[in-house]
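Per the numbering used here, the sequence shown starts with residue 7, numbered consecutively. Take a look at the structure below.
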Amino acid sequence: MVEQFPRYAFAYEDPNFWVAEASSILPLTGLSIQTTGCIVIFLTLAEIIAGATFVMWHSFYMLDTILVMSDHTKTMHRKLLRALFAQIAVPMITVAIPWLHGAIVVVSRWDTTPQSILNATWALDAFHASISSLSILYLTEPYRRFLLQMAGRK
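Okay, structure coming up:
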């Protein structure tokens, strides 16, 4: 180091001064934070989708194989499971997809995306709480019945 940088020769004698290797020991050093974010989003989505698919399959399998429930109870449970899985899908659609699209646009420097599409995806993200609440009210039959009763329609 002293031969390369003679003006820093004073640091050679200082016990509190040390020099670290500038090259990284970690793999994938050329990835930007945006690319890493996209990879993490893709892997997380894949894991969530695989887990949700298994849970849905297992729930319906258990519902079909349990013989101690009446047909009416099984039908009600099946409807509530469908509503639950639809409500789980709402954040996936309204949050993950817009953020994934935004990350892809940033990483790929995809400047040809129309502003209207960007606005629509971020509006979808902005209204995810409202969409989630409305889906709960619409998809869950007891809530829907109560709201229709309150509105005087039934």
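Where a beta carbon is used, it is the ideal one built from N, C-alpha and C, also for glycine.
Check: In chain order, which continuous runs of the alpha helix (DSSP H) of length 4 or greater are located wholly inside the region 37 to 77?
Finding: 39 to 71
Note to self: Can you give me the C-alpha to C-alpha distance between Ala157 and Arg151, rounded to a whole angstrom?
What the structure shows: Their backbone Cα atoms lie some 10 Å apart in a straight line.
Margin query: Taking only three categories from DSSP, how would you classify Trp128?
Written below: helix
Item checked: Element boundaries [alpha helix (DSSP H), containing Val101] -> No alpha helix (DSSP H) contains Val101, which DSSP labels as neither H nor E.
Item checked: Other residues of its chain near Thr100: CB distance less than 8 Å, five sequence neighbours each side excluded -> Leu130, Asp131, Phe133, His134, Ile137, Ser138
Notebook entry, point to check: In its own chain, which residues sit with a C-beta less than 6 Å from the C-beta of Met82, not counting the 5 before and 5 after it?
Noted result: none
Notebook entry, point to check: Do the region 83 to 90 and the region 54 to 74 meet, that is, are 3 or more Cβ pairs less than 8 Å apart?
Noted result: Three or more beta-carbon pairs separated by less than 8 Å link the region 83 to 90 to the region 54 to 74, which places the two stretches in contact.
Notebook entry, point to check: Which class does Phe23 belong to by DSSP, given the choice of helix, strand or coil?
Noted result: coil
Margin query: Measuring alpha carbon to alpha carbon, tell me which residue in His107, Arg115, Ser114, Glu19 is nearest Asn125.
Written below: His107
Margin query: Beta-carbon within less than 7 Å of Tyr149's beta-carbon, same chain only, minus the 5 sequence neighbours each way: which residues are those?
Written below: Cβ within range, chain order: Ile142, Leu143.
Next item on the list: Could you work out which residue in Ile103, Thr127, Leu140, Ile123 is closest to Cys44 when comparing CA atoms only?
Entry: Ile103
Note to self: For Trp116 and Met62, I'd like the C-alpha separation in whole angstroms.
What the structure shows: 36 Å
Notebook entry, point to check: Helix or strand or just coil, what does DSSP make of Pro12?
Noted result: The answer is helix: DSSP assigns Pro12 an H, G or I state.
Next item on the list: Name the two residues that bound the continuous alpha helix (DSSP H) containing Ala17.
Entry: Counting along the chain, Ala17 falls outside any alpha helix (DSSP H), and DSSP gives it neither H nor E.
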